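Enquirer:
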Amino acid sequence: MLIGIIGFFAGIIGGMGMGGGTILIPALILFASIDPKLAQSINLLSSIPMTIAALSIHIKKKNVDFELVLPIVLFGIVGAFFGSTLAEYLSSNILRKCFGVFLLIIGIFEIQKGYMHKDKNKK
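The sequence shown begins at 27 in the working numbering and counts up by one.
#1: Tell me whether the beta-carbon of Glu62 lies closer than 8 Å to the beta-carbon of Ser118.
#2: Alpha carbon to alpha carbon, how far is Glu136 from Leu64? Give it in angstroms, no decimals.
#3: Assign Ser72 to buried or exposed, taking buried as 16 or more other Cβ atoms, counted over all protein chains shown, within 10 Å of its Cβ.
#4: Beta-carbon separation of Leu94 and Phe57 under 8 Å?
#5: At the level of alpha carbons, what is the spacing between Gly126 and Gly37?
#6: Verify whether the separation of the beta carbon atoms of Gly102 and Met76 is less than 8 Å.
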């Protein structure tokens, strides 16, 4: 049941375009005691059907700029190759810490952006 709830919320976040892995990976590590490398591979595999479902809706609503997609996909494939190769050489403990720092940095940027946007609305 816990895994299903984690998947449900990861699907919501992924469908909104924010990356379900930001929910799925930490939840699998913290609540289901799954090794970070396994959590990453579960995230990648489970994201395929979630991405297809969300993408079909975004394409129907004409929310996709295909000219931007091509370079992102091409460079993303190269980055995915290097990232997955690097992950094989790093320990799970280091990967856990790197992902935590990444989420912290993203959180700080989002909070800062929220405050800057709030100040613009007051003017």
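We put the beta carbon where it would ideally sit given N, CA and C, even for glycine. All figures in this text were calculated on a predicted structure; none of them were measured in a lab.
Expert: Well, looking at it:
#1: At residue 62 the sequence reads Pro, which differs from the Glu that was named. Taking 8 Å as the cut-off, the Cβ atoms of Pro62 and Ser118 count as close.
#2: Answer to the nearest angstrom: the Cα atoms are 28 Å apart.
#3: Classified as buried, Ser72 has 16 or more neighbouring CB atoms from the shown chains inside 10 Å of its CB.
#4: Cβ atoms of Leu94 and Phe57: not closer than 8 Å.
#5: Approximately 21 Å between the Cα atoms of the pair.
#6: Not in contact: Gly102 and Met76 (Cβ atoms no closer than 8 Å).
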